[in-house]
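So for the sequence shown, full-length UniProt numbering puts the first residue at 1; every next one is plus one. Backbone N, C-alpha and C fix where the C-beta goes; we use that ideal spot for every residue, glycine too. Remarks on the structure that follows.
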Amino acid sequence: MSQLFSSSSNQPEAEIVSAAIYPPIGVMRVGNSPNEFFIGPEVNQPIAQSPAFYRDASGALKRQAARFRVYGFDASGQVVKELTANNASIEWSARLANQKASWYEFQLALDIPEAAEADPSLLRNALVKDRSTLLIDGGANTVSGKKVDGSSTKFVGTFTGVSVYLGEMRTDDEGRLLMLGGHGKSANPEGKPAITFGNNEGWYDDTSDGPITATVHYEGKTLPVKPAWVVCAPPDYAPMQKSVRTMWDLMRDIAVEAGQLPMPGRPSFTDDILPIFQRLTDLQWVNAGYAAGFGWNSAFDFTSEEWMKRLSDPSSTWQEARRTLAHNFRSLDTAFSTPNGQSNTQSWDPSFAAASPQLWPWLYGDAMSVSATASPRQFVSLTSLQLRALADWVNGNFIADYEPHKLPPQLLEQVPLCEQPDMLTRAAMEFCLADAFHPGCEMTWPMRTAGMYSEAFRLRHAEDTAPTHGINYGPEMTSQIALQINGPIRSGQVAGGITRWMAIPWQTDTASCRDGYNLAYDPYLPTFWPARVPNNMLNQANYAKVINETLPLPERQQAFNEREFWLDDLPIGPSTDYLAQINSMIDHFADLAVVLPQSKAGVSHFPTVMQVGMTPDKPVQLLKAKADKQEDLKALPPQQRRPDLSQTDKANRLRKR
1 MSQLFSSSSN QPEAEIVSAA IYPPIGVMRV GNSPNEFFIG PEVNQPIAQS PAFYRDASGA
61 LKRQAARFRV YGFDASGQVV KELTANNASI EWSARLANQK ASWYEFQLAL DIPEAAEADP
121 SLLRNALVKD RSTLLIDGGA NTVSGKKVDG SSTKFVGTFT GVSVYLGEMR TDDEGRLLML
181 GGHGKSANPE GKPAITFGNN EGWYDDTSDG PITATVHYEG KTLPVKPAWV VCAPPDYAPM
241 QKSVRTMWDL MRDIAVEAGQ LPMPGRPSFT DDILPIFQRL TDLQWVNAGY AAGFGWNSAF
301 DFTSEEWMKR LSDPSSTWQE ARRTLAHNFR SLDTAFSTPN GQSNTQSWDP SFAAASPQLW
361 PWLYGDAMSV SATASPRQFV SLTSLQLRAL ADWVNGNFIA DYEPHKLPPQ LLEQVPLCEQ
421 PDMLTRAAME FCLADAFHPG CEMTWPMRTA GMYSEAFRLR HAEDTAPTHG INYGPEMTSQ
481 IALQINGPIR SGQVAGGITR WMAIPWQTDT ASCRDGYNLA YDPYLPTFWP ARVPNNMLNQ
541 ANYAKVINET LPLPERQQAF NEREFWLDDL PIGPSTDYLA QINSMIDHFA DLAVVLPQSK
601 AGVSHFPTVM QVGMTPDKPV QLLKAKADKQ EDLKALPPQQ RRPDLSQTDK ANRLRKR
């Protein structure tokens, strides 16, 4: 793991001269459970949890809370200790806002050349003259002490006169801050349906974001404290999955390029190489194409013992095998080494990579279009640091530190004190997506602008972080306005400034970002966000068949290979009506499965641990209706079993009109 701090001096009495809040960006997620919540990941490889961890007794989805901590540092920047209510006086402050309806439309990421080929990003709800009625300002709150329950620290705003709850502040039994977001409530007060993936007029949702600050008194001194930010995002429907390129990977790449972090040295196989391959295989549980290409017993099952031994061996024995694997990754400007280990200064033709959906990873990029263009952003590529690590790996220039039986830290308390801030940073961002910003799940394209940050991973705050609906950038947001020095990205962030670039409401985009846009090529690949929003899953009924060893092996194998469409669990069941699906998602997002590991010791011919779509209990009549619809659809050709996504505006952003 890359270090942001040197090791602690092991001198508990070292003088603390400053403090900082961690993680620098915390992520809370919506859920429809009225009262129950869980705390988001605080280590980057957390232990698997049961379905009850994510749902309450009624089957409602719990909210994910973001927990913030304060660490004290000495004059050399070394961690001295965590500061809590037991050893310091801490007053937490936060503000939440949702600016989506008062902001500009999402058409395409404005920091890529293809933005000029998309429709202009005009004001949302442009006919509403009083823009303040569109901004949901939850206001500011403070909290201090231990075990504050949040009843007096709620963030509530209004949208065209309708009250909107955005979340609340709490503290735990050590006085650390807990931030909770909304309940997943999205609506159009006039009762109009949603008609598109990202820019629905007259709609609001209860996601939000805003600053986190703290006033800290320690041993008679008021310490300067580096602030943080919190983002409220949609639920994580696949909590054990990570995309091949995570938000942490992206932010780290940006920080190195901007000189905020040093260039990493020789890569670690365990920390830098292995995750790339493991994530490809793990996506088998959320996409049928990945299951066929990288899944159990496939040619590229990178979690198999045979592959692990080969991948982790730095000797020349497998060098050509390493190079061949590396060339499967989409590489836009980085070529892997020649056989003699010398640097190859030639670059790939970007149009070759852009036109090759079969290159890894099989994910759409920011300039995705069903009618594929020659853009190098048609599909996702790895970060420069990931590609650099792969190049070193090809040459055997990596730290061979793989220990198959070594368990990573599963609790923050198992992490050395000096590494805890870095771990909290990484854990929060590794479960966020950086592919594709179309617009995205948690955050979107402005996050790759170095001017967003005061230091690596930490957002720059505006002098006044109150939401700024009154600032007029004009009727259209352009690339030039967005990225100028005094524009909305580089001038410091305000409450609501991160989520305002996202889709409204979030449910319509989540139900639109999937696989199967071009059935002439493949019904499952490429895909958008399967690590957060599953496309296809092993359902509970098929899992029961797989582990039933009284059944014939071919029947079990067929059940294992069959992947159900994730959206089939909406109350409308299997449907070929796109607009019906995105509108059903708005009110029934919590009815969809959470894909979680299930273990069956001693099961033969199949993995001991499989990830299964776990849904809340449903009435028998609903289950029967769903099964009947699925049987009816199976009689149709594959291209008629679900909506024709190729004609949606989600998949046609580059059309000049």
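Counting C-beta pairs with one atom in each stretch, the region 30-46 and the region 598-616 have fewer than three that are closer than 8 angstroms, which means they do not touch. Here asparagine 472 is exposed: its Cβ has fewer than 16 other Cβ atoms, across all protein chains shown, within 10 Å. Cβ-Cβ distances below 7 angstroms link isoleucine 90 to Val70, Leu83, Ser144, Gly175, Ala214 and Val216 in the same chain, with the five nearest sequence neighbours on each side left out; the list follows chain order. One alpha carbon belongs to glycine 210, the other to valine 80, and they sit about 28 angstroms apart. Cβ atoms of serine 208 and threonine 499 come within 8 angstroms of each other, at about 6 angstroms. Apart from the 5 residues on each side of it in sequence, serine 151 has no Cβ closer than 6 angstroms to any other Cβ in its chain. For the set Phe431, Arg323, Trp285 and Leu274, the Cα lying nearest the Cα of lysine 309 is the one of Leu274.
The C-alpha of threonine 550 lies about 41 angstroms from the C-alpha of proline 357. The region 115-127 and the region 233-249 do not touch, with fewer than 3 CB-CB distances between them shorter than 8 angstroms. Per DSSP, the continuous alpha helix (DSSP H) segment holding phenylalanine 277 begins and ends at 274-282.
By the Cβ rule, the region 531-548 does not count as touching the region 253-265, because fewer than three pairs are nearer than 8 angstroms. Cβ-Cβ distances below 6 angstroms link isoleucine 136 to Asn98, Gly157, Phe159 and Val164 in the same chain, with the five nearest sequence neighbours on each side left out; the list follows chain order. Going by DSSP, methionine 429 is part of the alpha helix (DSSP H) stretching over 420-430.
Here leucine 110 has Ser121, Trp445, Met477, Thr478, Ser479, Ala482 and Leu483 as same chain residues with Cβ atoms under 8 angstroms from its own Cβ, once five neighbours each way along the sequence are excluded. Taking proline 421 as the centre and dropping the five residues before and after it, the same chain places the C-beta of Tyr22 and Tyr71 closer than 6 angstroms to its C-beta, in chain order.
Counting only residues of its own chain and dropping the five nearest sequence neighbours on each side, tryptophan 203 has a CB closer than 6 angstroms to the CB of Asn188, Ile504 and Pro505. Residue range 453-455 is occupied by the beta strand (DSSP E) that includes tyrosine 453. Separation of the CB atoms of serine 369 and arginine 653 is rounded to 7 angstroms, and the pair is thereby assigned contact status at 8 angstroms.
Non-local C-beta neighbours of glutamine 558 in its own chain, meaning closer than 7 angstroms and more than five positions away in sequence, are absent.
Relative to the Cα of leucine 385, the nearest Cα in the group Asp649, Val256 and Leu283 belongs to Val256. Considering only Asn86, Leu311, Ala94 and Ala65, the residue with the shortest C-alpha distance to phenylalanine 37 is Ala65. Contact between isoleucine 25 and methionine 429 holds, since their C-beta atoms are separated by about 7 angstroms, short of 8 angstroms.
Spatial neighbours of alanine 88 in its own chain (CB-CB distance under 7 angstroms, excluding positions within 5 residues in sequence) are listed in chain order as Val216, His217 and Tyr218. Residue state for arginine 29 is assigned as strand, using DSSP reduced to three classes. In the same chain as aspartate 435, and ignoring 5 residues on each side of it, the C-beta atoms closer than 6 angstroms to its own belong to Ser243, Arg245, Leu363 and Val380, in chain order. Short of 7 angstroms from the beta carbon of phenylalanine 269, and not among the five residues preceding or following it, lie these beta carbons of its own chain, in chain order: Ser312, Phe398, Ile399, Ala400, Asp401 and Tyr402. Non-local beta-carbon contacts of valine 148 in its own chain, meaning distances under 6 angstroms to residues more than five positions away in sequence, involve Arg170 and Thr171 in chain order.
Comparing C-alpha distances from alanine 14 to each of Ala60, Val27 and Ala75 shows the shortest one belongs to Ala75. Taking 4 residues as the minimum length, the alpha helix (DSSP H) runs contained wholly in the region 360-418 are 384-394, in order along the chain. Taking the Cβ atoms as the reference, glutamine 493 lies roughly 6 angstroms from alanine 462, within the contact range of under 8 angstroms.
Relative to leucine 280, the option among Gln621, Trp529, Val30 and Gly602 whose CA is nearest is Trp529. Boundaries of the beta strand (DSSP E) harbouring glutamine 64: 63-73, taken from the DSSP string. Listed in chain order, the non-local C-beta contacts of arginine 490 below 6 angstroms within the same chain comprise Gly451, local neighbours out to five positions each way being set aside. DSSP places leucine 250 in the helix class (H, G or I) of the three-state scheme. Sequence-distant partners of asparagine 287 (beyond 5 residues in either direction) whose C-beta falls short of 7 angstroms from its own C-beta, in its chain, are Asp515, Tyr524, Thr527, Pro530, Asn535 and Asn536.
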